[in-house]
């Protein structure tokens, strides 16, 4: 029984990245993440522009917005898929 499972695993094709084969999916999801990061950035930026001192929550929101934008750029650029070729 274990040999049949081992043979099935060997015959399976290698897994592809989730969005690696679909350029349109990468553009849509990457631009959505960048847009979400910009939208999250606008909230704390509005508070800071009104003259209030930034609180810890404001800094967390700005960091989260930056991480969303970075995630979107990485989704668009796809450095992992390019390294395998």
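Numbering (the numbering used here), first residue to last: 706 to 790.
Where a beta carbon is used, it is the ideal one built from N, C-alpha and C, also for glycine.
Three-state secondary structure (DSSP) of residue i
| i | result |
| --- | --- |
| residue 756 | coil |
| residue 775 | helix |
| residue 730 | helix |
Any non-hydrogen atom of the ligand HEM closer than 6 Å to residue i Cβ
| i | result |
| --- | --- |
| residue 763 | For the ligand HEM, the structure offers nothing, since it holds no ligand at all. |
Rounded straight-line distance, which links the Cα of residue j to that of residue i
| i | j | result |
| --- | --- | --- |
| residue 751 | residue 768 | 15 Å |
| residue 728 | residue 770 | 24 Å |
| residue 753 | residue 746 | 11 Å |
| residue 757 | residue 763 | 10 Å |
| residue 773 | residue 761 | 18 Å |
| residue 755 | residue 776 | 29 Å |
| residue 744 | residue 785 | 27 Å |
Cβ separation of residue i and residue j, assumed to be a contact under 8 Å, to the nearest whole Å
| i | j | result |
| --- | --- | --- |
| residue 748 | residue 766 | 6 Å |
Inter-stretch contact at 8 Å, needing at least 3 Cβ pairs: the segment 777 to 784 / the segment 729 to 744: yes
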